[in-house]
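Working notes, beginning with the structure itself.
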Amino acid sequence: EAGVTQFPSHSVIEKGQTVTLRCDPISGHDNLYWYRRVMGKEIKFLLHFVKESKQDESGMPNNRFLAERTGGTYSTLKVQPAELEDSGVYFCASSQDWGTVPDTQYFGPGTRLTVL
Amino acid sequence: AQKVTQAQTEISVVEKEDVTLDCVYETRDTTYYLFWYKQPPSGELVFLIRRNSFDEQNEISGRYSWNFQKSTSSFNFTITASQVVDSAVYFCAPHSGYALNFGKGTSLLVTP
Numbered sequence: 002e003a004g005v006t007q008f009p010s011h012s013v014i015e016k017g018q019t020v021t022l023r024c025d026p027i028s029g030h031d032n033l034y035w036y037r038r039v040m041g042k043e044i045k046f047l048l049h050f051v052k053e054s055k056q057d058e059s060g061m062p063n064n065r066f067l068a069e070r071t072g073g074t075y076s077t078l079k080v081q082p083a084e085l086e087d088s089g090v091y092f093c094a095s096s097q098d099w100g101t102v103p104d105t106q107y108f109g110p111g112t113r114l115t116v117l
Numbered sequence: 317a318q319k320v321t322q323a324q325t326e327i328s329v330v331e332k333e334d335v336t337l338d339c340v341y342e343t344r345d346t347t348y349y350l351f352w353y354k355q356p357p358s359g360e361l362v363f364l365i366r367r368n369s370f371d372e373q374n375e376i377s378g379r380y381s382w383n384f385q386k387s388t389s390s391f392n393f394t395i396t397a398s399q400v401v402d403s404a405v406y407f408c409a410p411h412s413g414y415a416l417n418f419g420k421g422t423s424l425l426v427t428p
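Which chain is which? The protein sequence lines are U and Z, in order.
As numbered in the working numbering, the first sequence has no gaps in its residue numbers, which increase by one up to the final residue, 117.
As numbered in the working numbering, the second sequence has no gaps in its residue numbers, which increase by one up to the final residue, 428.
Shown next, in the form of structure tokens:
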């Protein structure tokens, strides 16, 4: 069974440009999460989808970040316009059922974003 | 949100030594879940264990063992007879709401 995949693995862009990151969760996983780790900081939660609906987006830093999950399959995270402080590693994770207890989240390899 | 402290930033051991990684957390929840993840040099986060707050029994999986002490809010991770392949960053992550709350991680280096 394929794991969580993310594309691209690396992205280098200029400040002010737009970047779109993609995440394909494990097949059958309804829950999809985005996290990021900026330099020297902890890995921080950004948001959580259940199928195509945003369940919790309390971690999104500002309105330059837009996440979508059309059709409840893959997700995209767009940063527009990118700023220097957006540099970091963006991780995607997925889990199967949430129910009454948190299911294990399985992570992708991450996308390393560098904003120059 | 929960707070987690991994006081050891870096640990270096020689192969075959035992090593314990500390994790102390703060929570207001009466029921909660705790996770450990491993991040090898390749960068992905690999799930190691999930533990709920009801179960305080220690868990052993091969060379890995976990000591959960609810009274001291600690969930420590021990690797027995460490190997070079254990070199990685290890994260403790309590679960709160929909999110994992990661610590800063402990970087473990195992040398031959």
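Backbone N, C-alpha and C define an ideal beta-carbon position, used for all residues, glycine too.
Query	Result
Tell me which same chain residues have a C-beta within less than 7 Å of the C-beta of U/Arg70, skipping the five on either side of it?	Leu33, Phe50, Glu53 and Ser76
Please specify which runs of the alpha helix (DSSP H), each continuous and at least 4 residues long, are wholly inside the stretch 345 to 390 of chain Z, giving them in chain order.	none
Quick one: using the 10 Å Cβ neighbour count with 16 as the cut-off for buried, is Z/Pro410 buried or exposed?	buried
Let's see if you can read the secondary structure: which residues bound the beta strand (DSSP E) around U/Ser95?	Gly89 to Ser96
Which first and last residues belong to the beta strand (DSSP E) in which U/Gln7 is found?	Thr6 to Phe8
Starting from Z/Asp334, trace the beta strand (DSSP E) both ways and give me its first and last residue.	Element bounds for Z/Asp334: n/a, residue is neither H nor E.
Assuming Z/Lys332 contacts Z/Ala397 under a Cβ cut-off of 8 Å, what Cβ separation, rounded to an integer in Å, is found between them?	5 Å
Looking at C-alpha atoms only, which residue of U/Ser88, U/Ser95, U/Tyr107 and U/Met40 is the closest neighbour of U/Phe66?	U/Ser88
Quick one: residues in its chain with C-beta nearer than 8 Å to the C-beta of Z/Thr394, no 5 flanking neighbours on either side, listed in chain order?	Asp334, Val335, Thr336, Leu337, Tyr380, Ser381, Trp382 and Asn383
Just the C-alpha distance for U/Ala94 and U/Ser28, rounded to the nearest angstrom, thanks.	12 Å
Return no unless some Cβ of chain Z is closer than 8 Å to the Cβ of U/Glu84.	no
So, at 8 Å on beta carbons, what are the nonlocal neighbours of Z/Ser389 in its own chain, with the 5 sequence-adjacent residues on each side left out?	Val340, Tyr341, Glu342 and Thr343
Can you check the stretch 51 to 80 of chain U for any beta strand (DSSP E) of at least 3 residues that lies completely inside it and give the ranges in chain order?	54 to 57, 66 to 69 and 76 to 80
Would you list, in chain order, the members of the stretch 359 to 378 of chain Z that have their beta-carbon closer than 9 Å to a beta-carbon of chain U?	Gly359, Glu360, Leu361, Val362, Phe363, Arg366 and Asn368
Measure from the C-beta of U/Asp1 to each C-beta in chain Z and report whether the shortest distance is under 8 Å.	A question about residue 1 of chain U goes unanswered here, because the residues of chain U that appear run from 2 up to 117.
Could you give the residue range of the beta strand (DSSP E) that holds Z/Asp409?	The sequence shown places Ala at residue 409 of chain Z, not Asp. Residues Ala404 to Ser412.
Going along chain Z in order, which residues have a C-beta closer than 8 Å to the C-beta of U/Tyr107?	Phe363
So which residues on chain Z does U/Ile27 lean against when the C-beta distance must stay under 7 Å?	By Cβ distance, chain Z contributes nothing, its closest Cβ being about 12 Å from U/Ile27, past 7 Å.
When burial is assigned at 16 or more other CB atoms within 10 Å of the CB, is Z/Ala323 buried or exposed?	exposed
Just how far apart, CA to CA, sit Z/Pro428 and Z/Cys408?	26 Å
Check the C-beta distance from U/Val80 over to U/Gly111 and give it rounded, since I have them as a contact under 8 Å.	No, U/Val80 and U/Gly111 are not in contact; Cβ-Cβ is about 15 Å, not under 8 Å.
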